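Q: Provided herewith is a single structure, encoded as structure tokens, for subsequent inquiry.
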Amino acid sequence: MKPTPIPPEPGQESVWTYPRPPRLERTSKVIEVVFAGEVVARTTRAWRVLETSHPPVYYLPREDVRPDVLALAAGASFCEFKGEASYWTVRVGERRATSAAWSYERPAASFEAIAGHVAFYASLMDACFVAGERVTPQPGGFYGGWITSDVVGPFKGELGSFGW
19 MKPTPIPPEP GQESVWTYPR PPRLERTSKV IEVVFAGEVV ARTTRAWRVL ETSHPPVYYL
79 PREDVRPDVL ALAAGASFCE FKGEASYWTV RVGERRATSA AWSYERPAAS FEAIAGHVAF
139 YASLMDACFV AGERVTPQPG GFYGGWITSD VVGPFKGELG SFGW
């Protein structure tokens, strides 16, 4: 059963107006990722992927991620739109989060701009921020969207959303 979208307030976006296939959009908002109490990534040059029923996923240029924090993890997955994803372990000191980030090293042509960019699972980081606002991870554990006050759902991943 298709959910009833939450009407957006002024300045908000409904994830139900996002397209499928997804759209790639540049953002100049400050995007920050904190792990083990340290900022491991910060950029104003991120891309966001917007897909129906999903909060945005932010892809950061690898050069804006600390070079010492990413190690290639085992495994891969396939997205019908973007192609094959590689997974990354995030590590700072003794702390590790396995498969806590992912990238598309050779994405499909329509997502070429995010080649080598890295996205982080907010649920596995200490905190992630968009323009200073702490994000809420997309529900469900599988998806990597970041929920902020400027997007409304309901969101894929919530209880009962399997068939959306």
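According to the working numbering, the stretch in the sequence shown is residues 19 to 182, in order.
Note that CB positions come from ideal geometry on N, CA and C, so glycine has one too.
This one's a predicted model, so the numbers in the text were calculated from it and none came from an experiment.
How would you call threonine 22, buried or exposed, if buried means at least 16 neighbouring beta carbons within 10 angstroms?
A: Exposed: under 16 other Cβ atoms inside 10 Å.
Q: Start and end of the beta strand (DSSP E) containing tyrosine 77?
A: Note, tyrosine 77: beta strand (DSSP E), 75 to 77.
Q: Can you tell me the Cα-Cα spacing of threonine 62 and threonine 70, whole angstroms?
A: So the alpha carbons of these two residues sit roughly 24 angstroms apart.
Q: Residues bridged to arginine 152 by DSSP?
A: BP columns for arginine 152 point to Phe147.
Q: Where does glutamate 81 fall in DSSP's three states?
A: It is helical.
Q: Could you check if leucine 90 is buried or exposed, using at least 16 other CB atoms within 10 Å of its CB as the buried criterion?
A: Exposed.
Q: How close, in whole Å, do the beta carbons of proline 157 and phenylalanine 173 come, if the pair is a contact with beta carbons under 8 angstroms?
A: Yes, proline 157 and phenylalanine 173 are in contact; Cβ-Cβ is about 6 angstroms, under 8 angstroms.
Q: Kindly indicate which three-state DSSP category glutamate 56 falls into: helix, strand or coil?
A: Looking at glutamate 56 - three-state DSSP - the assignment turns out to be strand.
Q: Excluding the 5 residues preceding and the 5 following histidine 147 in the sequence, name in chain order all residues of the same chain whose CB lies nearer than 6 angstroms to its CB.
A: The question names histidine, but residue 147 in the sequence shown is phenylalanine. Excluding positions up to five away in sequence, the list reads Glu50.
Q: What did DSSP end up calling isoleucine 165 once you bin it into helix, strand or coil?
A: Three-state DSSP puts isoleucine 165 in a strand.
Q: Looking at valine 136: is its Cβ nearer than 7 angstroms to the Cβ of glutamate 56?
A: Against a cut-off of 7 angstroms, the Cβ pair of glutamate 56 and valine 136 comes out as no contact.
Q: Going by DSSP, what residue range makes up the beta strand (DSSP E) through tyrosine 105?
A: Tyrosine 105 -> beta strand (DSSP E) spans 101 to 110.
Q: For the stretch 106 to 122 against the stretch 25 to 43, are there 3 or more C-beta pairs whose distance is under 8 angstroms?
A: They do not touch, by the three-pair rule.
Q: Are the Cβ atoms of valine 169 and valine 33 separated by less than 7 angstroms?
A: It is a contact, given that the beta carbons lie within the stated cut-off.
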